[in-house]
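For reference, the structure discussed in these notes is given below.
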Amino acid sequence: MPPVVHTEAEESDFLSSLFNELDSAPIPAPSSSPTRRRAAAPQPRTPLCASRFNGSPHGVQAKHAPQADSPKFRHTVYAAQDVDFDALMDGVDDWDWDEMKRDPTTRCIVKGVEERFTAGRFEKVLTVVAVPTKDTRHIVLRDDWSHGDVRTGDTANVIGEWTMPSASSSSHAPMPSITVCSKHNLFIHHPDVLLTATSLSNASQCLRKPLLSNMVRSSSDVTPSLIWGNMLHEVMQTCLSVARWDDKFMDKKIAEVAQAGLGELLRIDMGVEQAIIEVKTRAKGLKVFAEKYIAQSPRPEAYLVNTRAGRGESSLLAISQLYDIEEDIWSPTYGLKGKIDASVEAVVHDLDDSSTPFTRTAPQLKKHSSPMPFEIKTGRAMAGMEHRAQTMLYTLLMGERYGAEVPSGLLYYTQSEEVVRVPAARNEIRALMVMRNEMASYMMHRLRATASFSGKAEDEDPVQTNLPASEEPFLPPTIDDNRTCGKCYTLDTCMLYRKAIEGVEDDNSDIADIYALKTGHLSPQQAAFFKKWEALISLEEKDLVRFRKELWTMSASEREERGRCFGGMVLDVSYRPSVSVKPTIQKEGKIHRLTYRFTKTGAGGASLLNGHMVIGDAVTVSVEPELLALTRGFIVELAPDSVVIGADHELDEDLIADRLRTIRGSFMGQVVFRIDKDELFGGMGRIRDNLAQLFYASGDARRLELVVDLAKPLFTEDSIPETTEATAHLNHNQKRAVYKVMRAQDYALILGMPGTGKTTVIAAIIKELVKAGKSVLLSSYTHSAVDTILSKLDDADFGILRLGNPDKIHPGVQKFTMAARPPAKNIEQLQQQVMTPPVVATTCLSIDHPLFSRRRFDYCIVDEASQITLPTCLGPLRFAEKFVLVGDHFQLPPLVKNKAARKGGLEISLFRRLSDAHPSAVVDLTHQYRMNSDIMLLSNKLIYSDRLRCGSDAVASQSLSLPNPKFLRLLHAKSTCHDACCWMNTLMTESCKAVFVDTDQVPARDSRVGDLVENKVEAQLVHQVTECLLGCGVRQDQIGVISLYRQQLKLLSYLLQDRKELEMLTADRSQGRDKDCIIISMVRSNDDGMIGELVKDWRRMNVSFTRARSKLIIIGSRKTLQGTPLLKEFFDLMDGRGWILALPPDAHLMHDFAGGTPRKRAAGEMTADDLTSGSPLVKENGEGPGSAKRSKNVAASEESILKGRPLLRDLVNAHK
C-alpha cells in the first residue's frame, strides 16, 4: 500500500510529543531484544545458559582494570546534560521514519519473465502471483539482480515495500510493483533451498567448491587445526554459558574436552597431552577477553575493532547477556540456514571526536544495545572476507529469529584478544544474496534433471540404460587456477565431476596436468557408470527436498493430515526422563542431548499413532509460523497422545515466549509447538561419497574393475580343507559356501534362501577367517542383522568390537561395545581397544567412526546385501581387501522411494549385479530348516523353481500343536456358530498348515485414513484368530503378525496392546524373523480391484510367506487380490491343494472375545475411542458396520505401540 502522507502540522505535533519529556536524566540505551525471564524451578529439566553476566565474571579479577574516570579515559564518557539536543535534532524533519521498520517479505510464484532495455539499462520484469493474496504483481530486477536465471514457475521472496500506481497512470487496473536494484530491496530466488552461511561465505573465490562439498560429504577430511578449533569452541562456549573464566576452570575444561575427543585425536594420531597443549595455546586470550568484554556496560579498555571506522571514530563493547549457544536457525525468508557460535546481547558505545573542532571538544557518543551473532575464530585477527561474509549473513538470521534489528555481528579471534565489528552493510548483503541466488539456481538445475528413463527389462544392466542428458550444467565451471585448485579440499571430487558429468576435454588449461593426474585412469564406461548412479542418487534426493520445504509451506494441520507432523503440542514441564531414554554419552549424544515430552492439546483429537511418524524418525520442533526448527532430534517414545523427543538443543519456554512477544507484539498464551518429520540430507551426501571414492585416482583400481567393468573374480585352486570345529555342524551346501570364501581372491557371493541358515554360515566363515589370522569387518543395513550374527559368536575366543549407538544395539551383544569397556584414558588405550579386535561390526551407514581412518581389514562381510543399494554397499567395502556379499535378491530389494530412481535401476543391488554377471561366484544355500513342506511349497513353486529342499524329515512334517484345545469348546459355548463346522475350528486343526482365509462373504472392506489404508473388519478377524491361538496355549513369542501396511499394524497394535511379546511387523521389517505361526493381513478389499503397489511386489509376498515354520494363515479378499499375476498363480496353487477357507457372512461376529474392536471413524481419526470393550461392530438392530454406536472413551495405555517390544523397536530404530 502507498505510504501515508502527513501534514507539516501533524509531523510537528508528533515530534513535540516525542521529545517534550526529555530532561537532563541519562538516556538508557534501548534494547530491541527480548528480555530473558526464568521461572523458578525446583529441578531444571536441562542445563540453562547463564542469562546475564555480572560486571566481573566469576573467577576474573577486574580490580586492576582501568576505570572510566581515570585520566586516560575521562574524555570518552559524557552525561546527558552534556549533549546539545538542538544540534542532535537538527534536520529531524528530513529523517526517513520508514527506514526504522522491518521490510515485509512476500512469497511469489513467477508467471512470466520479460527482458528489456530501459534508458539503456538492462532489466527483467517478472509477472508474479503473490502467494498470500493470490493477486498479480510486477517485480523489476535491475543491476546485478537482473542477471539471475529466473524462469516461469520459480518461487521467489521479495523483501521490501510494494508500490501501487495511481488509477490514472494506466488504462489497465492498477497492479502492485516493486523494483529491486543495487540500493533498494532484496530478491531471494528459490528460497526453499536453504544454503548454509558457511558454504555461501566460501563461494566468493569459487562457486563450485561449496556446491560440491554439500553434494559429496566425506568424513575423512579432518585436519589437526579443525580439531583444535572444535575443541576451543566447546571450551569457550562452556565458559560463556557458566560465566567462569578462571584458569583452574578453563584448564579443567580443556582437559575434559581433549579426553572426550579421543576419537578425533585417533584420526590424526595425536595424544591427549599434545591436544591440551595445542588448545591451551589457542585459549590463552580467553581470560583477557572476559576481563575486557563481559560486563553490563562497556569498560574503557574494551575497544571494538571496526575496519570500516572513519578517522577519529572508535567503539567500545560489552557483552551483557548470553541468549544461546550453537543456535541453529533456518530462514526460508532469506533461503539461508546457519549455526551461530553464540547469540549475545551486545552493548556498543560509538564515539566520534574528529568530525569538527566542536566534536573534538565534545565528542558525540552514541549508545545502543541489540542481539548480535558472536563468532569464535581460533586464528589471529584478520577479518578476512569469508569470516566477514559469514557473520553478516548471521545478522540476517538472528534478526529474523529475534524479531529485532541486528545492525552488525561480532568476530572474536582467540589468539589476538580482539573483537571485530562486522556491520551488516547493504552493498555486501546484496552481493552475498546475488551469489546465493546463483548457487540456488545451480542446485535447482540438479533437481530439474529428473527426466524419465527409457523402459528396460528389469534384469538389464543399468549402466546401459541411458539417462537423458541434462541440457544445462548443475555446477559452475572450474576456475582453472593451478595454485588455488591444487590446494582445494574438493579437488578429487571436482575433477571427477568435470570428467564424468561434464565430459570436459582439457589439454591446455592451467589445471590440465592436475586434471589428467586425477582422471586419466577412468575409461569412458567407468565415467558413464558414475554419471548414471550419481543421477539415480539425485533422483532419490529430490523427494527429500520436496518434503523438507513442507515445514514452512504447509501449516501444521495440513501436514498432519499427510501424516508427517504432530500439531498442537505443548511441553510437559513435569516430565522426567527414565533411564532408558536418557541421552547417550557416545557420539550420538550430540543429537540426543536433552529429552522432552510433548502432549497433544485438547482431547478427542487424532491419535499420534496415525501417519508415517514412528520411533527413530528424525524430527524438527518449531513454533508456527515464526520460530522454525528450534531444535532437532528423533522420536524416542510414541503414545496416542504424547511423544518423547531426544533433542539436540534446549527448549526454554520463557525465552520462546519472550521472542513471540517481540515478534507478534503481544503473547500471553501457552507456547504451542509443531513436531515435523525431517528428511535428512547428510545421508545422501555420504552415499555419494561412497560412490565417488571408488573412482578417485587414490581408490582401489581392482575394485573399480570388479564393480564397474564386471571383471571376473578370481579364486585359488586350493584343495578342499578338512572339516574343522567351526564347519562340522554344517551341511554340504553350507560347507561349500565357507570354502568358496576361503578360496576367493576378490569376492564371493552367497545366495541364502529363506531358512537355509545363512546366519550360521556367516558365523562359521568369521571363525574360520580369524583362525587363519585374518581380520573381518562385519556389516549390514540394519542393527538387528548385525546383532543376530554376533549372537552366534557369543562363545568366540577372539575379540569383537561392536560400533554404533548403544540405544540401537541388542542387549545381548552390548558386551561387545565400547561402552562395555573401561573408558580409555589416553590414545594408546583407545588404539588397543579399536585396533586389536580381529572382528569389527557396524552398519553400512556407521562407517564414519575414527577407526576407519586408521584401519584396513582383510575381509568385509555384508549381510542383507540384496537389500542395500549399490552406493550404500560400497561404503564398508572400501575398507577391506576382499568382500563377501550374503543375500537373496528373490526377497526384498533395496528400499527406493522415487519411482524414476527405481525404474532407472537404483533398486538393483550390488549383490544382484555381480551374481547376474558371474553365477560361478555364487553359492546357493538350498536346504532350509524353517518351514514345513506345505509352507515351503508356496515359495518353491512361485519363486525358486523347486530349488528349495527341507533340511530334514522332521522339518518337513512339523505342525503347530495346541497345548490347550479345550479352549475351543469354551469359546463355542457362547458363540453363534456351530462347533462342528466352525471356521475357527478349521484354522486351529493341526493339519491346517497353510491356508488362505477368504473374507469376500463377510465382508471386510478396506478404508482410508488420510492417505493410508486399513481394514477394520480384517483387523478384528486377525485379532480373534490370534486370541484363539493364545487361548489354546500357544505362546505369544510363537506368533507373528505381518501386514504390508503400517496403518493396519497400528490398528492391530491397539487391539493386541496387552500382548507385549507378540511381534507385529511390516513385510519390510520381517525379513530375518521367523515364528511358529504367521498371520498375514492383506488389507486390500474393494470393488474396484485396487490392490496397490505393495501387494504387486512378489518379493514382499515371498518374504511374508517364508516367515512361518509350522502354520501360515493369510487373511484377505480373493476377489480383489487375484487380479495380480503372481497372486492369481498363488490362488491356483492353493485351490489345487484345497487350502482356501471361505468365511461365512458376519464371521467376525460369531465369537465373543474379550478385547478391543475398532469402531467406524472418519478418515484421519484414530483415538483411544477406537477400543471398545468387547462390543461388535453392528448395532443390536442389525445395522451395518458403519453404524456402530460410539462407546465410552477407554483410556489409552501409557505404553506406546512399540514400548515393551524391544525387538520391534530395534528394527524400527535400525531403519533410521
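The opening residue of the sequence shown carries number 0 in numbering that gives the first Met the number 0; numbering runs sequentially from there. Just so you know, even glycine gets a beta-carbon here, dropped at the ideal spot from N, CA and C.
For this session: State the CB to CB distance for the pair Ala762 and Lys791, rounded to an integer number of angstroms; the pair is presumed to be in contact (CB under 8 Å).
Result: Here residue 762 corresponds to residue number 763 of the sequence shown, with the count starting at 1. Here residue 791 corresponds to residue number 792 of the sequence shown, with the count starting at 1. With a Cβ gap of about 4 Å, Ala762 and Lys791 count as contacting.
Exercise. In its own chain, which residues sit with a C-beta less than 7 Å from the C-beta of Lys279, not counting the 5 before and 5 after it?
Worked result: Within the sequence shown, residue 279 is the residue found at index 280, counting from 1. The residues are Ile253.
For this session: Please state whether DSSP places Leu1111 in a helix, a strand or coil.
Result: Translated into the one-based positions of the sequence shown, residue 1111 becomes position 1112. Strand.
Exercise. With burial defined as no fewer than 16 other Cβ atoms inside 10 Å of the residue's Cβ, what is the status of Ser451: buried or exposed?
Worked result: One-based indexing of the sequence shown puts residue 451 at position 452. Per-residue confidence for Ser451 stands at a pLDDT of 38, beneath the threshold of 50, marking its modelled position as unreliable; no derived number is given.
Problem set entry | Integer-rounded CB distance, given that Ile1114 should sit under 8 Å from Leu1020 | What you label residue 1020 is simply residue 1021 of the sequence shown in a count that begins at 1. What you label residue 1114 is simply residue 1115 of the sequence shown in a count that begins at 1. Right, their Cβ atoms sit about 6 Å apart.
Problem set entry | Own chain residues within Cβ distance below 8 Å of Lys286, not counting five before or after | Taking the first residue of the sequence shown as position 1, residue 286 is located at position 287. Here the set comprises Val59, Trp244, Asp245, Asp246, Met249.
For this session: Can you give me the start and stop residues for the alpha helix (DSSP H) that Asn897 sits inside?
Result: Translated into positions along the sequence shown, residue 897 becomes position 898. First-last for Asn897: undefined, no H or E at that position.
For this session: For Thr758, I'd like the list of residues in its chain whose CB is within less than 7 Å of its CB, leaving aside the five on either flank, ordered along the chain.
Result: On the sequence shown, residue 758 is found 759 positions in, with the first residue counted as 1. Once the five neighbours on either side are set aside, the close Cβ partners of Thr758 are Thr787, Ile788, Lys791.
Exercise. Pick from Lys486, Gly950, Ala864: whose alpha carbon is nearest that of Leu913?
Worked result: Reading the sequence shown from its first residue, position 914 is the one you call residue 913. Cα-wise, what sits closest to Leu913 is Ala864.
Problem set entry | Ser1084 and Pro1002 closer than 9 Å at C-beta | Taking the first residue of the sequence shown as position 1, residue 1084 is located at position 1085. Taking the first residue of the sequence shown as position 1, residue 1002 is located at position 1003. Yes, Cβ-Cβ distance for Ser1084 and Pro1002 is below 9 Å.
Exercise. Which whole-angstrom value is the C-beta distance of Asp153 and Val109, which I expect to be below 8 Å?
Worked result: Within the sequence shown, the letter at position 154 stands for residue 153. Within the sequence shown, the letter at position 110 stands for residue 109. Sure, about 5 Å apart at Cβ, within 8 Å.
For this session: Indicate the three-state DSSP secondary structure (helix, strand or coil) for Gly1137 in the structure shown.
Result: Residue 1137 sits at position 1138 when you count from the first residue of the sequence shown. In this structure, Gly1137 counts as coil in the three-state DSSP scheme.
Problem set entry | Burial state of Cys484 (16 or more Cβ within 10 Å) | Translated into the one-based positions of the sequence shown, residue 484 becomes position 485. With 16 or more other Cβ atoms within 10 Å, it is buried.
Problem set entry | Through-space distance from Arg855 to Leu777, alpha-carbon basis | Indexing the sequence shown from 1 puts residue 777 at position 778. Indexing the sequence shown from 1 puts residue 855 at position 856. Roughly 13 Å separates the two Cα atoms.
Exercise. Can you tell me where the alpha helix (DSSP H) with Asn931 in it begins and where it stops?
Worked result: Locating residue 931 in the sequence shown gives position 932, counting from the first residue. No alpha helix (DSSP H) holds Asn931; DSSP gives it neither H nor E.
Exercise. So Thr1025 packs on Ile1078, CB below 8 Å; how close in whole Å?
Worked result: Sequence index remark: in the sequence shown, residue 1025 carries index 1026 (1-based). Sequence index remark: in the sequence shown, residue 1078 carries index 1079 (1-based). The pair is a contact, with the Cβ atoms about 6 Å apart (cut-off 8 Å).
For this session: Would you list the residues sitting across from His137 in a DSSP beta bridge?
Result: Residue numbering aside, residue 137 sits at position 138 when the sequence shown is read from its first letter. Paired residues: Thr126, Ser176.
Exercise. Secondary structure at Gly519, three-state DSSP: helix, strand or coil?
Worked result: On the sequence shown, residue 519 is found 520 positions in, with the first residue counted as 1. Reduced to three states, the DSSP call for Gly519 is coil.
Exercise. Which first and last residues belong to the alpha helix (DSSP H) in which Ile267 is found?
Worked result: Here the question's residue 267 lines up with position 268 in the sequence shown. Counting along the chain, the alpha helix (DSSP H) containing Ile267 begins and ends at 261–267.
Exercise. Apart from the five residues on each side of it in sequence, which residues of its chain come closer than 6 Å, Cβ to Cβ, to Ile749?
Worked result: Taking the first residue of the sequence shown as 1, we reach residue 749 at position 750. Around Ile749: Ala736, Val885, Val922.
Problem set entry | Start-to-end residues for the beta strand (DSSP E) that takes in Glu880 | Against the sequence shown, residue 880 aligns to sequence position 881. That run of the beta strand (DSSP E) goes 879–886.
For this session: Note down the Cα distance separating Leu14 from Thr104, rounded to an integer number of angstroms.
Result: Here residue 14 refers to the residue found at position 15 when the sequence shown is read from its first residue. Here residue 104 refers to the residue found at position 105 when the sequence shown is read from its first residue. Bear in mind that a pLDDT of 41 at Leu14, under 50, signals an unreliable position, so the number given afterwards is only what the model happens to contain. Their backbone Cα atoms lie some 29 Å apart in a straight line.
Exercise. Quick one: Cα of Thr237 to Cα of Arg1068, how far?
Worked result: The residue labelled residue 237 in the question sits at position 238 within the sequence shown. The residue labelled residue 1068 in the question sits at position 1069 within the sequence shown. The straight-line gap from Cα to Cα measures roughly 43 Å.
Exercise. What residues match up with Pro949 in a beta bridge as DSSP calls it?
Worked result: Along the sequence shown, read from residue 1 onward, the residue named residue 949 stands at position 950. What sits at residue 949 in the sequence shown is Cys, not Pro. Per DSSP, Gln927.
Problem set entry | Member of Ile1041, Glu539, Pro297 whose CA lies at the smallest distance from the CA of Ala1066 | Translated into the one-based positions of the sequence shown, residue 1066 becomes position 1067. Taking only the C-alpha atoms, the option nearest Ala1066 is Ile1041.
Exercise. Using the rule of at least 16 other Cβ atoms within 10 Å of the residue's Cβ for burial, across every protein chain shown, is Asp945 buried or exposed?
Worked result: Position 946 of the sequence shown, counted from the first residue, corresponds to residue 945. Answer is exposed; the Cβ neighbour count stays below 16.
Exercise. Using CA coordinates, which residue listed in Thr552, Gly754, Leu650 is at the minimum distance from Tyr928?
Worked result: Position 929 of the sequence shown, counted from the first residue, corresponds to residue 928. Taking only the C-alpha atoms, the option nearest Tyr928 is Gly754.
Exercise. Where DSSP assigns a beta bridge to Ile1079, which residues make up the other side?
Worked result: For the purposes of this step, residue 1079 is identified with residue 1080 of the sequence shown, where counting begins at 1. Answer is Ile1041, Ile1113, bridged to Ile1079.
Problem set entry | Beta-carbon spacing of Leu1051, Ala1018 below 9 Å | Position 1052 of the sequence shown, counted from the first residue, corresponds to residue 1051. Position 1019 of the sequence shown, counted from the first residue, corresponds to residue 1018. Yes. Within cutoff.
For this session: Go to Leu650, then tell me how far its beta strand (DSSP E) extends in each direction, as first and last residue.
Result: On the sequence shown, residue 650 is found 651 positions in, with the first residue counted as 1. Element bounds for Leu650: n/a, residue is neither H nor E.
Problem set entry | Cβ-Cβ separation, Leu1132 to Leu261 (assumed contact under 8 Å), whole Å | To locate residue 261, count along the sequence shown from 1; it is residue 262. To locate residue 1132, count along the sequence shown from 1; it is residue 1133. Their Cβ separation, rounded to whole angstroms, is 60 Å, which puts Leu261 and Leu1132 out of contact at 8 Å.
Exercise. Whose C-alpha, out of Arg435, Asp491, Gly159, Glu312, is nearest the C-alpha of Glu217?
Worked result: Counting from one through the sequence shown, the residue named residue 217 turns up at place 218. Contrary to the premise, residue 217 reads as Ser rather than Glu in this sequence. For Ser217, the nearest C-alpha among the options comes from Asp491.
Exercise. So does the stretch 315–325 actually touch the stretch 335–354, counting three or more Cβ pairs closer than 8 Å?
Worked result: yes
For this session: Tell whether a beta-carbon distance below 9 Å holds between Gly159 and Leu185.
Result: Translated into positions along the sequence shown, residue 159 becomes position 160. Translated into positions along the sequence shown, residue 185 becomes position 186. In contact: Gly159 and Leu185 (Cβ atoms closer than 9 Å).
Problem set entry | Residues bridged to Ala710 [DSSP beta-bridge criterion] | The residue labelled residue 710 in the question sits at position 711 within the sequence shown. Answer is none; Ala710 lacks a bridge partner.
For this session: Pull up the CB-CB distance for Met553 and Thr518, whole angstroms please, since I reckon it's below 8 Å.
Result: Here the question's residue 553 lines up with position 554 in the sequence shown. Here the question's residue 518 lines up with position 519 in the sequence shown. With 8 Å as the limit, Met553 and Thr518 do not qualify as a contact, their Cβ atoms being about 44 Å apart.
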